[in-house]
């Protein structure tokens, strides 16, 4: 079964579409403003990662043609949600424990209760857009974004869903900065993967693999999908020398969003005329993507 | 397809392995106790179902969730006769709160911690040389959700064996947020009782080994018939009858069984007014005319969050094997929505059984329902 990337969205400072990922980050760009895209309604009390996730979901579902006129997904029973985020609710958790230590639980806001649960981005996305299929949150460290793509593909192939919204998103705040030791990308990307795309697909999804070593992942990817023309990899080490590589640095630590942003960048490359496969590589996880009409 | 479960492992406040936990459930032994490491002056609620594993009593330490996880996985792998090295075997972990307790200690007390320890990759690699490891944060149904993905890996031929686990320790942020809105903390957890007053969190880990075919000569602990997963898409914290019922019916349909075929249901049964009312209503509707025995474990284990679903499943397998169903401790007068249900109360029920359903629901409306059969 060949799976289609039927929708894509990007939300990073200065980057609102996949093409922007192929160019250097815009210095001094302002933060993404979800309210400007999806309105203020329903955003109060949501944490930053959830707001960014809702923004990305709206844009990707719209791109895939899955949103009805009421703003909810058509055939929502068959649409699954997979979110990758390592740091999403870290600030809520840390602020709560600090408040309790300084005062008591009486000083906590009851509105933070849902945000203490790590699946808040995925559940809020499902509620807002009526996505009643499987609802999964992947918090798997560096490989999390590509792992999310892999699990989404599994949900489609096993027949649990017809479409999967895959969102990779991280928030930038004092807690997440301290945790990773530097700026964090305040945003991410989303894809809609489909058994059959409603319209023209943006790309096709090839193999998604995990092996014990990055070099073995590279070997497996190029064996199963040869003649690729682009590598999306922060790390130059495992990428064959001389190959075209996009590192996707410049937005801060993408953490759990990285793999999804890489796939979005591949879509951008195909839109600009790339005709060969593109590889996404994050540590020991890798994925191959093909142009919409198949590889040349 | 039906896949054999060849190993189980679990730890909870009431026992250090599945056998001890089951014996405690049958004997009515509770793990509820005064707070062991949180500052009691900060909370209205003063009790939890904690595991007593801190080397320095009263002093909290990071990494406990991972430690409980490793113990449950060790037990399950040993039970299945797997080697200590799980290098070629995917390990899927469902958790509500990951290592967020360690994150709290880092932020508040300056304990050493880094972002790569929020999930369980390092623990599983260091302990079992596992490389294909996955941490899913899925609130209180996380481990049964992970089991659905394990099933899919077998079904699609991606692996011949998979370890599926769940684990959670209590965080102060989650306990504190609950304390903030629970003005009169419940003295105990009384699932499906008309006077139930809410849930109390617990700690635990559970693991199973699921295979395509049991190796010759190895004991089989049970057969996994199906796992259905969906999402209410309804409310952040409140359950929804429509979503819950759809998950139950899908699990039964996929397993090819009718409600009348099911002998036992291990309920999610948290003891909160809303969960139990919703679950009782759906159960009464789905099982109208059928009379499975119904039980739940949280009055004695507490609500063990992400590990709860798999812990219930392991208890269900023990019930099928032993022909014994532990009662719902603390259940005196059933809630009105459950008046027609065959709730096991008071004493363990002794009865032969072949098929069990296991319910697990979580914040965000994430529902998972499994159907398991006995090995015999």
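Residue numbers (the UniProt record's numbering), protein chains in the order written: chain D, 1 to 296; chain H, 1 to 376. For each residue, glycine too, the CB sits at the ideal point set by N, CA and C. Just so we're clear, the structure is a prediction, and the values are computed from it rather than from any experiment.
Listed in chain order, the positions of the stretch 214-234 of chain H with a beta carbon within less than 8 Å of a beta carbon of chain D are 229, 230, 231, 232, 233, 234. If you look at residue 263/D, you'll find it in the alpha helix (DSSP H) that goes 258-271. The beta carbons of residue 20/D and residue 10/D sit closer together than 8 Å. DSSP, read as helix, strand or coil, puts residue 140/D in coil. For residue 122/H, same chain residues with a beta-carbon under 7 Å away, outside a window of 5 residues either side, are 116 in chain order.
The C-beta of residue 361/H comes no closer than 8 Å to any C-beta of chain D. By alpha-carbon distance to residue 200/D, the top candidate from 245/D, 79/D, 271/D is 271/D. Under the three-state reduction of DSSP, residue 176/H is assigned to helix. With a 10 Å radius around the Cβ and a threshold of 16 neighbouring Cβ atoms, residue 95/H comes out buried.
Less than 8 Å divides the Cβ of residue 72/H from the Cβ of residue 11/H. Judged by DSSP in its simplified three-state form, residue 194/H adopts coil rather than helix or strand. Residue 235/H sits in coil when the DSSP states are folded into three classes, being neither helix nor strand.
Listed in chain order, the alpha helix (DSSP H) runs fully inside the stretch 212-266 of chain D are 214-224, counting runs of at least 4 residues.
Exclusion of the five residues before and after residue 259/H leaves 252, 286, 287, 290 as the residues of its chain whose Cβ lies within less than 7 Å of its Cβ. No Cβ-Cβ contact shorter than 8 Å links residue 203/H with residue 179/H. Residue 230/H is not a Cβ neighbour of residue 361/H, given a cutoff of 8 Å. For residue 210/D, the enclosing beta strand (DSSP E) covers residues 203-210. Per DSSP, the continuous beta strand (DSSP E) segment holding residue 359/H begins and ends at 355-362.
C-alpha of residue 195/D to C-alpha of residue 322/H: approximately 44 Å in a straight line.
Think of a sphere of 9 Å around the beta carbon of residue 171/H: the chain D residues whose beta carbon falls inside it are 93, 96, 97, 116, in chain order. Around the CB of residue 46/H, fewer than 16 other CB atoms lie within 10 Å, so the residue is classed as exposed. Take residue 81/H, set aside five residues on each side of it, and the residues of its chain with a beta-carbon closer than 8 Å to its own are 6, 7, 215, 218, in chain order. For residue 119/D, the three-state secondary structure derived from DSSP is coil.
Under the three-pair Cβ rule at 8 Å, the stretch 244-259 of chain D does not count as touching the stretch 116-129 of chain D. Using a Cβ-Cβ cut-off of 8 Å, residue 237/H is close to 113, 114 of chain D, given in chain order.
For residue 167/H, the enclosing beta strand (DSSP E) has its first and last residue at 161-168.
At a cut-off of 8 Å between C-beta atoms, residue 135/H counts as an interface residue with respect to chain D. Against chain D, a Cβ distance below 8 Å from residue 155/H picks out 158. Per DSSP, the unbroken alpha helix (DSSP H) holding residue 55/D starts and ends at 48-63. With respect to residue 189/H, residue 135/H sits apart: the two C-beta atoms are not nearer than 8 Å. Residue 299/H: member of the alpha helix (DSSP H) spanning 298-301, first to last residue. Think of a sphere of 9 Å around the beta carbon of residue 75/H: no beta carbon from chain D falls inside it, the nearest being about 23 Å out. Look at residue 76/D here: in three-state DSSP terms it is helix. The alpha-carbon of residue 63/H is positioned some 16 Å away from that of residue 57/H. Inclusion of residue 372/H and residue 222/H in the CB contact set at 8 Å is warranted, their separation being smaller than that value. In the DSSP assignment, residue 135/D is bridged to 81/D.
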